[in-house]
Structure formats: structure tokens, C-alpha cells
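For reference, the structure is listed below as C-alpha cells.
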Amino acid sequence: MIDPIANLLGSWAADLTPYSIILRIALSLLLSAYLGFERSTKRHAAGLRTFMVVSLATTIAMLLDLYLLRSAENGLYLLSAASIISVAIITVNSILYSSRSQIKGLTTSVALWASAILGLCIGAGFYTVTLVSYIAFICTLSVFPRLERYFKNRSNHFEVHLELKNIAYLQNFVTTIRELGMKIDDIEMNTAYQHSGLSVYSISISISSQELKKYKTHSQIIEALRSLDYIYHIEEMV
345 MIDPIANLLG SWAADLTPYS IILRIALSLL LSAYLGFERS TKRHAAGLRT
395 FMVVSLATTI AMLLDLYLLR SAENGLYLLS AASIISVAII TVNSILYSSR
445 SQIKGLTTSV ALWASAILGL CIGAGFYTVT LVSYIAFICT LSVFPRLERY
495 FKNRSNHFEV HLELKNIAYL QNFVTTIREL GMKIDDIEMN TAYQHSGLSV
545 YSISISISSQ ELKKYKTHSQ IIEALRSLDY IYHIEEMV
């Protein structure tokens, strides 16, 4: 089956020709550049160049596989498979845990892996699949985060990073949470701040009060807790 976009461009785009190779490499660089730019604007380590190199590498791997398959008339997509495995290993190793027990770089790592998949699609000449997937990809990274934050800010469960001026104030905080119509599901002391003079915790909270569920967002609740004298710092963990 000929790709619809390749069919519009002509048979040269579907075949493995010098012009189609140039087109696929150019597309790979162009599409991955925007993905890398989107990540770099949010101060992620994997930025424009990283995304471009990964996409270009997988595109070239697919082009080489296609060439070898057509030359030998049999075989497997070994280079493509190896490139995806390599990118998967890199992305797993790029996921970090911060001192606040938060996972960092997960979305960027997955985006990098998805960029490699797009590179394979481009290299294979699946222009239509690439275009549709790319649009969905951009929407996922740019549009859905706003929707995700909206619903998350109104959910009945959230986690906070809490810094108390003294460990003795922990009981006061627990009492305040209960009085506000919430309950604490889990408390974990953060040992990274052991010698800072502060008492630091990661706390999971559930909203049990129907009034809070209906009228208050996480941001409003945290802002109210921030006014307590014994709290040095508090923020929601995302």
C-alpha cells in the first residue's frame, strides 16, 4: 500500500531514491527540532539538539535497513530495532529523583523515545502516519498539560513537600489538616535535609470534607496552610 502523502508527491517519494532520502532526513530534523525546542523552553536537559540527533539517527537506521533488505531481498530490521533499544536505555537512565522525592525528566524521556519512533516512521516513508502522530504528539505536550493541571488541582488526593521550622510542629500540622476536613494518608521524612535545621516531609493528603471538595482547589488549600507561622515552606509535588 502506497502512503497517501507519498502518492500525492509522486512515486519518487515512496521509493528509496536520493531525493526521497533527502526529504526524509530534512523532515526528521525539522519535526524533531520543534519537539526539542518545546522541551528546552521548559528547562529540560534533553533539548533541541538531543531530539534532532535521536530522530536523525533512527531515520538513518531505518533507511539503512530498507537498503539492506532490498539489496539482500531478505533479512530483519536489525539497525532499527537496535536504535530503539539504545534510545530506551538512554531515556531510562535520564530519569532522576530530586531531593523532594519527585521524579524528574519522565515526560522528556518518553518524548525522546517517541521522537525516535517518529524517526523510524519518516525513514520508512510513512509520511501520513508521521504527520498524524506528530500532531497528536504536539497536542499531548502543549495542550493536554493545561487540562491535566486543571483536573489535578481539583482531585481529592494530592502530595505536598512540607518544611517545618521544628519537628515539634508536626503534630500541630496534623491537627490542622484534620480540622480543615482532610486526612493524611502517608508521611515520609526527607533525610536530604537532615542537617539543614528544618524538619522536611513528603505528605500524601486526601480531602474528606464535601465543602472542600466542592469549593477549594489544591492551590487555595496550600495557600491557606502557608500562612501558618510554623511552616517554613510548603508546595504541591507534581
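In this note's numbering, the protein residues as written are 345 to 582. Note that the Cβ used here is the ideal one computed from N, Cα and C, for glycine as well.
Only residues of its own chain outside the window of five on either side were considered, and among them M406, L410 have a CB closer than 8 Å to the CB of A468, listed in chain order.
The DSSP assignment places 362-384, 392-416 as complete runs of the alpha helix (DSSP H) inside the stretch 361-425, in order along the chain (cut-off: 4 residues). With fewer than three CB-CB distances shorter than 8 Å, the stretch 515-524 does not count as touching the stretch 495-503. By the neighbour-count definition (other C-beta atoms within 10 Å, threshold 16), Y363 is an exposed residue.
Rounded to whole angstroms, the Cβ separation of I531 and I547 is 5 Å, and the two are in contact under 8 Å. In terms of Cβ geometry, S459 and S384 do not form a close pair [threshold 9 Å]. Secondary structure note for K527: it is in no alpha helix (DSSP H), and the uninterrupted beta strand (DSSP E) holding it is 526-533. If you ignore the 5 residues before and after T435, its C-beta comes within less than 6 Å of the C-beta of S453, L456, W457, all in its own chain and listed in chain order.
Taking a 10 Å sphere around the C-beta of Y478, we find 16 or more other C-beta atoms and assign the residue as buried. Under the DSSP assignment, H505 falls in the beta strand (DSSP E) whose first and last residues are 501-508. Here D347 is buried: its Cβ has 16 or more other Cβ atoms, across all protein chains shown, within 10 Å.
One thing to note: K509 has its Cβ within 9 Å of the Cβ of Y574. Apart from sequence neighbours up to five positions away, the residues of its chain that approach T561 with a beta-carbon distance below 7 Å are N497, R498, ordered along the chain.
Secondary structure of V487 (DSSP, three-state): coil. In the DSSP assignment, Y545 is bridged to L506, M533. Under the DSSP assignment, I511 falls outside any alpha helix (DSSP H); it carries neither an H nor an E label. CA-CA distance, A401 to L375, rounds to 14 Å. In this structure, the beta-carbon distance from I369 to T403 falls below 9 Å. According to the DSSP assignment, I346 belongs to no beta strand (DSSP E), since it is labelled neither H nor E. A Cβ-Cβ distance of about 7 Å is found for the pair V504 and E579, placing them in contact under the 8 Å criterion.
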